[in-house]
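The sequence shown: position 185 = 200 (our numbering), numbered continuously. Have a look at the structure below before the remarks.
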Amino acid sequence: MPMTEITLNAVLNLFAIRAASAPDSLREGVRERAASYLRDHLGLDAIQPYLELYDLALDMQSEAPAPLLAERGASVAAGLGRQASRQEQVSVLAALIEASPGVDRCDALLPALAEALSLPQSLISGYSLFCGGDFPWDGEGLDDRFLIPVDGDATARSGAGPRTLHRPQFRGSFAVFRADESAWFFRTAPGSELLLDGVPPGTGTHPLRQGSVISNRMRDRVHFGEIAAAFSISSGLAPVHVLEGDHLDFRYGGAPDKGLHDFSFSARGGELVAVMGGSGSGKTTLLSLLTGSLRPRSGRLLLDGRDVTDGSMARCGVVGYVPQDDLLFEDLTVFENLYYSARLGLPGLSDSEVRERCRRVLDELNQLDTADLRVGSPLDKTISGGQRKRLNIALELVRRPAVLLVDEPTSGLSSADSVNVVSLLKAQSAAGRLVIAVIHQPSSEVYKMFDRLWMLDEGGRPIYDGNPLDALVHFRSASYRAGEQEYACPRCGNVNPEQLFEIVEERVPDERGLPTGRRRVQPEEWHRLYLDSAAVAAVPDRVDERAVPAEVETRTPPSLKEQFAVFFARTMKSRLANRSYRISVLVQPLLLALAAGLLFRGSWGAEYVLRDNVNLPGYYFISSVIAVFLGMALSADEINRDRRILERERLLRLSRGAYLASKFAWLLLAAAVQTALYTVIGSALLRIPPSWLTPWWILFSTAVCASMIGLILSDSLASASAIHILIPVLLAPQIMLGGPAISYDELIRKDAGDRNVPLVAEIMPTRWAYEALMADHYRNNPFQRLFFRDEIDETRGEYLADLYIPEVRGLASYPFSPTLDAAGNPDAAARIAGRLTALRNELDNLERITGLEWCEEGLGDESLVPGAYTREAQRAVLAWLKLAEERVNQDREAASERRAGIESDLRARLGHSGFEAFKNRSFNREVEKQMLGVRAGDAIVLSGARLVPRVLPVAIEPESRLGRAHLFAPFKRLGDMQIPTAPFDAGVLWLMTALLALALHLRLFPRAASALRRAGTPATPHSKSMV
């Protein structure tokens, strides 16, 4: 055991003080004990220089009186206590007790040393009895710090007396003294021929270390784990969980030889079980079966005799799972990671109780000094790899699970960190937990800490279940190796676990002595040997009566409200703690607003006037695209980065809905800030009137809708790079189908009969955002909102009187065109029938607009069909159209007068220059041009059986009662309601958000993708999705 020169000098001084306080006749014995300590305990070969230092110190102390020696010894011991470990302190005090037993003069020295080292005074009497020549081998007078092997069963202790171990072969041959949790001592009885780690221990006491093995000449063994388990038994039968596997068997679809083959076991609390095997040997599969992530093809998994094959063990809250990879929030501190995990796993505790338990767990794991440190990423480390691993384990330990499953706890750690982590797991098993750990390439020290080994071979075939040290003997014997009974180095006691794989996977050499690809012993043979061995026994129908099964209490997860609060607080804390994230969220809208505002402002070198800015519609469209981009970019990593953490939290039975709601709430907050920054800066640069609340609401609604798309991507795709590659792919159709890039008229069928926006464009958030921004600016800018209703009525009247009604007259006159010969031309007859159908539809439309009924006596639907449509019917239609035109002109003139009156009043109040200035800073000609649909070509076209206008979209009322309409319609119809375009479009964006949220919650897109994959590949009937 390594020790610094300063510490060793202090130890030699204590030996010298001990010798100085003893009679001259016993001083040589003290010197010999010091030499033994240097040689056997510290492993030093060249001890003479240190003995000379001891002699020099003895000369300096030999004349001092006993009280002064006690004072000096206490001073040296106090310094030693600050430099040596607890185990080393106990070992030094034990060596000093053993150096000259029975010396009365030193009674004051040893208590002073124990007090200085903060060790109990009872240690002196206990160890003095243990190392004395009159040690009671029958156990008389011993307390529970001692252990002796006995003939009878090791029953629970009901009172004072030593611990007992039921090993008749070793009765009366050795004893163990536990001086401290970290310091154990062993001694043999006179005449016994025992081996300690394969070497005769000799007389006297010896440290009993983790993984030590005591054996006799008959090759019977007592392992350290058995002794530790005997000491862990308290008064009464301690409740213990028993986990059993009854012929568990699992196969992967498409690979019938891969999975886990017929594995039975029975493990109970207090055991530390190692699972070892090569790649593809089923170690992870076994853990997945134990956690309930996979269902066995056959066999049962039982907890205290109850069938938990369906994963109910996880629902009971008794199992904890620590995956190989980090499950930490990199931007949170050590304490925050543990605190939020505990809040989710311990709903019954108050906040103060949760915080206290977190501090206690961190203290137990020696992590309290790192509690306020940011965890960081594996590449940007703030805490070490060993500390990260201990924190991952702490996330489970804070819930105090009875069964702890750990995957590769030493992966990527140094030797020292590996020992520390496995020591932590050993301490958990000593506390009564069952710990099962997949381990890879353990060192000798780590290997000897395990109480039990499950070894798997290729394809998931169990080949060993027993004590780890016995495994070497088992495989040596099975393969007829020389030295088959040797499991450790006779000199140093180290074990080489790699020998297990060398034996199991040994290759047959060719004629040149080079290894071939064929194994000497096939996996099936090792598995057959395992099945035939006495270690495999059928799982009983009920639990061993000597064990008291712990009551399995189903833990209820926190309420949905509490889960939401914890998820939201954790997300917000981690995001705000990430400096890069903060900068990105704030700088993105800032830069985009500056770019859009400056580029679309135009008028470089001249005075800027909003009224003359021809780029304003383009700014509104690109703003809708930017809102979609901000929303998707904001949410693209939200679920994907939590994917592994969600897999662990699945065992806590937490609500997916609460988790998604917390993400949505955070995205609402972040999107609100981003779109507010963009809207304020962009509006300021373009001098858009200050009523920016509605544009912000529209862009905010768009960003939120897009964030749901990002969340679906984050949930559906496992690769972050794939998610970010898809963002521009999804943005492209948003740009193409948003409105300005491709005219919707070109996407509508020629015989559609309406000008409604194509359905493929209706699912694009940019289409609704762009229309809402344009409609809001045109209708609600400070200038236009004074005239909007009257101006729209006037414009609609002009359209109806000057364009629409003349076209309807043309439909009425078409059948009597002199160029048509319906009787001899079927095509002409069909055209006439089509025109009459269109005429009937447009008369209905005019009736709805004007309120005048066109169906009169002698004129009705039956009159507007080929053969029944006569000149008289034509004259009746034209007469009614004249009445409708008069009504339209009356309404137009009234609207024109109202608009002129408002304008006159405004000019009177502001003056001519004030009126023009007001219009310049509030109104935009290009927006008006787009809204009025000024264009070359036909103003009205015949589409199907309807006249469809191609101009004045803002003046044309939509006919659909389901909310569908042409682009820039003045309002949308929903049943009998007329809803202005901007709020209706914002409502559609929120409806799309709700539908996307539902699809996200139900995982419709991943399930659809899985269904498509299953349609083309063989199914895997025995696996369960780990969602």
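Even glycine gets a Cβ: it sits at the ideal position worked out from N, Cα and C. Since we're looking at a predicted model, the values are computed, not measured.
Taking Cβ positions, are Leu388 and Ala592 nearer each other than 9 Å?
-> no
Helix or strand or just coil, what does DSSP make of His455?
-> coil
Which first and last residues belong to the alpha helix (DSSP H) in which Ile750 is found?
-> Ala735 to Met751
Per DSSP, which one or two residues make a beta bridge with Pro530?
-> Pro524
For Ile820, which of helix, strand or coil comes out of DSSP?
-> helix
C-alpha distance - Arg855 paired with Gly849, whole-angstrom precision | 10 Å
Taking the Cβ atom as the reference point for each residue, do Asp466 and Ala244 lie within a distance shorter than 9 Å?
-> yes
For Asp766 versus Arg965, is the C-beta distance shorter than 9 Å?
-> no
The alpha helix (DSSP H) spanning Tyr785 covers which residue range?
-> Pro780 to Asn795
Thinking C-beta only, is Glu411 closer than 9 Å to Gln339?
-> no
Taking the alpha-carbon positions, what's the Leu815 to Asp791 distance?
-> 25 Å
Is the segment 308-322 in contact with the segment 258-272, if contact means three or more CB pairs nearer than 8 Å?
-> yes
Assign Leu212 to buried or exposed, taking buried as 16 or more other Cβ atoms, counted over all protein chains shown, within 10 Å of its Cβ.
-> What sits at residue 212 in the sequence shown is Asp, not Leu. Its Cβ being crowded by 16 or more others within 10 Å, Asp212 is buried.
Rounded separation between Phe192 and Leu394 - CA only | 46 Å
Helix, strand or coil for Val563, going by three-state DSSP, please let me know.
-> With a pLDDT of 40 at Val563, under the threshold of 50, the modelled position of this residue cannot be trusted; read the value that follows with caution. Note: Val563 maps to strand in three-state DSSP.
Rounded to whole angstroms, what's the CA-CA distance from Val334 to Gln382? Just pull it up for me.
-> 23 Å
Rounded to whole angstroms, what's the CA-CA distance from Arg476 to Gly293? Just pull it up for me.
-> 11 Å
Let me know if Ala1026 comes out buried or exposed under the rule of 16 or more other beta-carbons within 10 Å of its beta-carbon.
-> exposed
Closer than 7 Å by C-beta to Ala35: which residues in its own chain qualify, once you throw out the five before and the five after it? Chain order, please.
-> Leu73, Gln76, Ser77, Ala79 and Leu84
Counting along the chain, where does the beta strand (DSSP E) carrying Phe200 start and finish?
-> Ala198 to Thr203
Taking Val413 as the reference, give the member of Ser399, Arg656, Val376 and Thr385 with the closest Cα.
-> Val376
Quick one: is Ser459 near chain E, going by C-beta distance under 9 Å?
-> Absent from the structure is chain E; it holds one protein chain and no more.
Consult DSSP for Leu211 and reduce its assignment to one of helix, strand or coil.
-> strand
Do the CB positions of Arg48 and Ala110 come within less than 9 Å of each other?
-> yes
My guess is that Pro604 and Tyr693 are in contact by the Cβ rule of under 8 Å, so how many angstroms apart are they, rounded?
-> 4 Å
Residue burial classification, Arg557 (beta-carbon count within 10 angstroms, cutoff 16) = Because Arg557 carries a pLDDT of 40, less than 50, the predicted location of this residue cannot be relied on, and the following value inherits that uncertainty. Answer is exposed; the Cβ neighbour count stays below 16.
From Thr885 to Ser878, what distance separates their C-alpha atoms?
-> 8 Å
Span of the alpha helix (DSSP H), counted from its first residue to its last, around Pro126 | Leu124 to Ala131
Name the DSSP bridge partner or partners of Trp469?
-> Val290 and Asp480
Separation of Gln905 from Ala891, as counted between CA atoms | 21 Å
Should the segment 970-984 be called in touch with the segment 993-1004, which here means at least 3 C-beta pairs below 8 Å?
-> yes
Check each candidate in Leu861, Arg782, Met779 and Ile763 and name the one with the smallest Cα separation from Arg811.
-> Leu861
Range of the contiguous beta strand (DSSP E) that encloses Thr179 | Arg178 to His181
To the nearest angstrom, how far is it from the Cα of Thr306 to the Cα of Arg533?
-> 35 Å
Are the segment 130-145 and the segment 185-205 in contact at 8 Å, needing three or more beta carbon pairs?
-> yes
Return helix, strand or coil for Asp319, following the three-state DSSP convention.
-> coil
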